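Notes for the one structure printed next.
Residue numbers (my numbering): 355 to 774.
Shown next, in the form of structure tokens:
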């Protein structure tokens, strides 16, 4: 299970070891973009902040970086579509911290929200910037000592970026999902929310599991809980939910047209692909699942909806695919299916300005790997001076742009190796 980041990173090493912004544009500008990288080694956690060079993709850490994450074990993060706010999940404190983002990229803590239940794991925001979704490991009244199902919490976002009262589900402040939810994704049109459930049992939440191996107990197979978004943000389970999803699913992404949905399976080294029906139901693609490299741990799609990139934790690589637009089926890029990263990539995203760069946070390498993305072919080549150092044990990355070019919202995701 993706519960203790450190424990699962060590497990993956032993075995073989939802959000930035994506933007498409015809031209370039001198707009400065910023990359935010959470790291879990220290207490409190840290956030490293970098300027992105729009010519090369190279990163330069800004003054005063790194910043405190405002809590312990930051495992996931997402930026608002307008680039004004960063939301960070501090797992061990069960909190979401909102930071205002200055025009110089600096972070200013604003509000802290405690989630219902314990140990939030994943986060996503809709493209309108009106709702924030958080997957929580345990519903209220459950814990490590009393293991039970997880929860999905939907927060309205106020005009100042703060989170409102969680959307009510009858008398509950959350929507039940299955055991060990690891990923949450909202479609670009805002109509559907999906939660990946690994259905394994967590052992501890402190970086090493109780059995001493870093392993989670085996489960009954993975699923995806699917919800339709209604008036006021109320969620309704989609008929057929939860949908079967591999053996050990851990990360997910949907395309910008809201037609296709993809889930990584770290146990089988596969990418599972679905068509999204008109009512939000998931229909497995013919010919799938599709092969990845070893221990896929994160997945993202470029802003144009043309390419998929999967970070593979154990093989220190990115698997790259082209999306067949008529069917959603992924196919490996000719001559560049797998690209090497630094050690233990846990999160992958496309740059926020023009969709021309790709970055991975590398948990074991204490670094960020950067790549130039050829928008005509999808092929990646290493960015100048990559990899770039981070604070200890980076878990995920998010990005914003400051300028006058249009944007399309896409999410960076992480899986069970250590990222959010």
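Where a beta carbon is used, it is the ideal one built from N, C-alpha and C, also for glycine. Computed from a predicted structure; not experimentally measured.
inquiry  = I'd like to know whether the C-beta atoms of residue 630 and residue 614 end up nearer to each other than 8 Å.
reply    = Position 276 of the chain shown, counted from the first residue, corresponds to residue 630. Position 260 of the chain shown, counted from the first residue, corresponds to residue 614. Yes. Within cutoff.
ask   = With distances taken from CA atoms, which of 538, 655, 545 is nearest residue 604?
value = Here residue 604 is taken as the residue at index 250 of the chain shown, counted from 1. The shortest C-alpha separation from residue 604 is found at 538.
ask   = DSSP state of residue 718, grouped into three classes?
value = Start at 1 with the first residue of the chain shown, and residue 718 comes out as number 364. DSSP places residue 718 in coil when its eight states are reduced to three.
key: Cβ-Cβ distance between residue 579 and residue 532 below 8 Å   = Translated into the one-based positions of the chain shown, residue 579 becomes position 225. Translated into the one-based positions of the chain shown, residue 532 becomes position 178. A contact, by the Cβ cut-off of 8 Å.
request  = Report yes if the CB atom of residue 700 is closer than 8 Å to the CB atom of residue 652, and no otherwise.
outcome  = Position 346 of the chain shown holds residue 700. Position 298 of the chain shown holds residue 652. Yes.
ask   = What runs of the beta strand (DSSP E), each 3 residues or longer, lie entirely inside the stretch 404–465?
value = 413–415, 428–433, 439–444, 449–455
Distance between residue 665 and residue 318 (C-alpha atoms, nearest Å) = Nothing can be reported for residue 318: it is not among the residues displayed for the chain, which extend from 355 to 774.
message = Checking the sheet assignment: what are the DSSP bridge partners for residue 492?
response = The residue labelled residue 492 in the question sits at position 138 within the chain shown. DSSP, once it has assigned bridges, lists 472 as partnering residue 492.
message = Here's the rule I'm using: 16 or more other beta-carbon atoms within 10 Å means buried, otherwise exposed. How should residue 738 be labelled?
response = As a working note, residue 738 is residue 384 in the chain shown. It counts as exposed.
query = Which of helix, strand or coil does DSSP assign to residue 585?
reply = The sequence position of residue 585 within the chain shown is 231, counting from 1. If DSSP states are grouped into helix, strand and coil, residue 585 belongs with the helices.
inquiry  = Check for me: the beta strand (DSSP E) holding residue 537 runs from which residue to which?
reply    = The residue labelled residue 537 in the question sits at position 183 within the chain shown. Here the beta strand (DSSP E) through residue 537 covers 535–540.
Proximity of residue 721 and residue 692 at Cβ, strictly below 8 Å = Counting from one through the chain shown, the residue named residue 721 turns up at place 367. Counting from one through the chain shown, the residue named residue 692 turns up at place 338. For residue 721 and residue 692, no; Cβs fall outside 8 Å.
inquiry  = I need the boundaries of the beta strand (DSSP E) containing residue 694, first residue and last residue.
reply    = One-based indexing of the chain shown puts residue 694 at position 340. Per DSSP, residue 694 belongs to the beta strand (DSSP E) from 692–694.
message = What does the alpha-carbon distance come out to for the pair residue 690 and residue 449?
response = By one-based count along the chain shown, residue 690 stands at place 336. By one-based count along the chain shown, residue 449 stands at place 95. Taking the straight line from one Cα to the other gives about 40 Å.
request  = Determine, using beta-carbon pairs with one atom in the stretch 467–477 and one in the stretch 423–442, whether at least three such pairs fall under 8 Å.
outcome  = yes
message = Three Cβ pairs or more, each shorter than 8 Å: is that satisfied between the stretch 412–422 and the stretch 435–447?
response = no
task = Count the other C-beta atoms from every protein chain shown that fall within 10 angstroms of the C-beta of residue 640, then say buried if there are 16 or more, exposed otherwise.
result = For this step, residue 640 is matched to residue 286 along the chain shown. It counts as exposed.
message = With the cut-off set at 8 Å, would you say residue 649 and residue 620 are in Cβ contact?
response = Counted from its first residue, the chain shown places residue 649 at position 295. Counted from its first residue, the chain shown places residue 620 at position 266. Yes, the pair counts as a contact, with Cβ atoms nearer than the cut-off.
key: Own chain residues within Cβ distance below 7 Å of residue 577, not counting five before or after   = Walking along the chain shown from the start, residue 577 turns up at place 223. Only 532, 551, 553, 596, 597, 598, 599 meet the Cβ criterion.
ask   = Exposed or buried, what is residue 500 when buried is set at 16 or more other beta-carbons lying within 10 Å of its beta-carbon?
value = Sequence index remark: in the chain shown, residue 500 carries index 146 (1-based). Exposed is the call here.
task = Could you pull the start and end residues of the beta strand (DSSP E) that residue 675 belongs to?
result = Taking the first residue of the chain shown as position 1, residue 675 is located at position 321. That run of the beta strand (DSSP E) goes 671–677.
ask   = CB-CB under 7 Å to residue 743, same chain, minus the five flanking residues each way: which ones, in chain order?
value = Position 389 of the chain shown holds residue 743. Correct list, in chain order: 720, 721.
message = With the cut-off set at 8 Å, would you say residue 748 and residue 391 are in Cβ contact?
response = On the chain shown, residue 748 is found 394 positions in, with the first residue counted as 1. On the chain shown, residue 391 is found 37 positions in, with the first residue counted as 1. Contact flag set, yes.
ask   = When DSSP labels each residue in this structure, what does residue 655 get in the three-state scheme?
value = Against the chain shown, residue 655 aligns to sequence position 301. Residue 655 falls in the strand class under three-state DSSP.
ask   = Residues bridged to residue 400 by DSSP?
value = As a position in the chain shown, residue 400 is number 46, starting the count at 1. Looking at the DSSP assignment, residue 400 forms a beta bridge with 393, 422.
Close beta carbons around residue 714, own chain, < 6 Å, minus the five adjacent residues each side = In the chain shown, the residue the question calls residue 714 occupies position 360. Excluding residues within five positions, the ones whose Cβ falls inside 6 Å are 665, 695, 699, 702, 723.
request  = Let me know the secondary structure DSSP gives residue 624 once reduced to three states.
outcome  = Taking the first residue of the chain shown as 1, we reach residue 624 at position 270. Residue 624 falls in the strand class under three-state DSSP.
message = Rounding to the nearest angstrom, what Cα-Cα distance links residue 543 and residue 627 in this structure?
response = Residue numbering aside, residue 543 sits at position 189 when the chain shown is read from its first letter. Residue numbering aside, residue 627 sits at position 273 when the chain shown is read from its first letter. Their backbone Cα atoms lie some 19 Å apart in a straight line.
request  = With DSSP collapsed to three states, give me the class of residue 598.
outcome  = By 1-based counting over the chain shown, the position of residue 598 is 244. DSSP places residue 598 in strand when its eight states are reduced to three.
request  = To the nearest angstrom, report how far apart residue 683 and residue 611 are at their CA atoms.
outcome  = For the purposes of this step, residue 683 is taken as residue 329 along the chain shown, with counting starting at 1. For the purposes of this step, residue 611 is taken as residue 257 along the chain shown, with counting starting at 1. So the two alpha carbons sit approximately 14 Å from each other.
task = Would you identify the three-state DSSP class for residue 754, choosing helix, strand or coil?
result = Along the chain shown, one-based indexing puts residue 754 at 400. Residue 754 falls in the strand class under three-state DSSP.
inquiry  = Let me confirm a value: residue 417 is counted as buried when at least 16 other C-beta atoms fall within 10 Å, else exposed. Which label applies?
reply    = Sequence index remark: in the chain shown, residue 417 carries index 63 (1-based). Exposed: under 16 other Cβ atoms inside 10 Å.
ask   = Would you say residue 432 faces chain B, with C-beta separation under 8 Å as the test?
value = This model lacks chain B altogether; it includes just one protein chain.
ask   = CA-CA distance, residue 546 and residue 704?
value = Within the chain shown, residue 546 is the residue found at index 192, counting from 1. Within the chain shown, residue 704 is the residue found at index 350, counting from 1. Whole-angstrom Cα-Cα distance: 22 Å.
task = Can you grab the Cα-Cα spacing for the pair residue 402 / residue 755, in whole Å?
result = Residue mapping note: residue 402 aligns to position 48 of the chain shown, counting from 1. Residue mapping note: residue 755 aligns to position 401 of the chain shown, counting from 1. Each residue's Cα considered, the two are about 16 Å apart.
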